[in-house]
Ligand SMILES: [Zn+2]
């Protein structure tokens with residue numbers, strides 16, 4: 001089972017001075033999320049949310065990356081949906097960090113059981129949401145992540161089913177498997193491939209990893225190599241790493 005790293009966002013806030021600055025910004029520019037005068041707010045939110053989300057996407061819990069520009073700030077209730085919820089644009093409870101894949105998958109789809117009355121305040125609880133809300137729901141009560149990034153709605157949770165379906169999380173196990181193959185196959189030699197493979201044990205589980213990658217590693221072993229020998233090498237190296245970690249934590 002893969003650790004979701006955090007259950008929900010609990011303490012996102014602004015100082016009194018920041019709240020005043022935001023109010024001023026809204027008075028001047030309206031709910032214009034893209035306006036440059038809100039750049040300071042987004043920087044602040046990204047920093048705080050990264051800490052609280054332990055650098056994980058709020059929906060799939062994969063690591064958030066830096067390499068493709070700033071991480072997306074996700075509006076849980078879509079700020080553009082016909083403009084009806086524009087006043088939620090800057091509501092902190094409506095904001096979280098998601099990866100690009102989840103953000104794209106979710107798109108403009110609704111997360112509400114039913115439309116909210118016009119001009120209503122932001123919901124104060126999970127009740128109106130048919131969705132695992134990053135500020136209201138405990139993630140693992142609704143979604144379990146099995147080894148190799150296989151997602152399951154916990155107990156058939158409808159909120160979990162909605163996130164898994166709309167963010168297309170069922171596709172992830174295939175994508176992650178392809179990524180692992182590419183990483184191993186593109187290694188310079190057997191030692192490098194073995195080292196990369198060991199780094200994936202936490203995401204995949206040792207048995208799945210051996211099944212997937214032993215045949216690929218065998219190809220890098222040269223003549224005399226075999227999947228069985230590659231698997232033995234993975235297991236030996238993994239045991240050695242574990243023993244080292246145990247010694248480091250020892251009495
Ligand atoms: Zn994601």
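In our numbering, the protein residues as written are 1 to 251. The beta carbon of each residue, even a glycine, is placed where N, CA and C say it ideally should be.
Beta-carbon contacts of residue i that lie in its chain and below 8 Å, excluding the five residues immediately before and after
| i | result |
| --- | --- |
| residue 146 | 1, 2 and 152 |
| residue 118 | 84 |
| residue 154 | 140, 141, 142, 143, 144 and 160 |
| residue 206 | 234, 235 and 238 |
| residue 11 | 52 |
| residue 208 | 147 and 148 |
| residue 177 | 148 and 212 |
| residue 28 | 37 |
| residue 26 | 90 |
Residue closest to residue i, alpha-carbon to alpha-carbon, out of the options
| i | options | result |
| --- | --- | --- |
| residue 134 | 61, 243, 200 and 39 | 61 |
| residue 43 | 73, 16 and 164 | 73 |
| residue 199 | 218, 13, 235 and 221 | 235 |
| residue 165 | 216, 123 and 111 | 111 |
| residue 80 | 14, 109 and 35 | 109 |
| residue 15 | 207, 173, 45 and 244 | 45 |
| residue 20 | 38, 228, 240 and 100 | 38 |
| residue 201 | 4, 188, 241 and 221 | 241 |
| residue 58 | 23, 34 and 103 | 103 |
| residue 222 | 244, 243 and 188 | 188 |
Exposure of residue i, with buried meaning 16 or more beta-carbon neighbours within 10 Å
| i | result |
| --- | --- |
| residue 204 | buried |
| residue 95 | buried |
| residue 63 | exposed |
| residue 41 | buried |
| residue 75 | buried |
| residue 175 | exposed |
| residue 98 | buried |
| residue 49 | buried |
| residue 180 | buried |
| residue 56 | buried |
| residue 8 | buried |
Spatial neighbours of residue i in its chain, beta-carbon cut-off 6 Å, leaving aside the 5 residues before and after
| i | result |
| --- | --- |
| residue 170 | none |
| residue 217 | 193 and 230 |
| residue 225 | 218 |
| residue 157 | 142 |
| residue 210 | 231 and 234 |
| residue 220 | 190 and 193 |
| residue 150 | 173 |
| residue 23 | none |
| residue 120 | none |
Short Cβ contact (7 Å threshold) for residue i with residue j
| i | j | result |
| --- | --- | --- |
| residue 213 | residue 196 | no |
| residue 131 | residue 84 | no |
| residue 122 | residue 168 | no |
| residue 54 | residue 6 | yes |
| residue 31 | residue 86 | yes |
| residue 173 | residue 148 | yes |
| residue 90 | residue 77 | no |
| residue 137 | residue 125 | no |
| residue 215 | residue 227 | yes |
Close-in-space but distant-in-sequence residues of the same chain around residue i (CB under 7 Å, 5 per side omitted)
| i | result |
| --- | --- |
| residue 105 | 166, 167 and 168 |
| residue 185 | 216 |
| residue 33 | 79 and 89 |
Closer than 5 Å to ligand 1: residues, by C-beta to nearest heavy atom, in chain order: 57, 59, 60, 99 and 102
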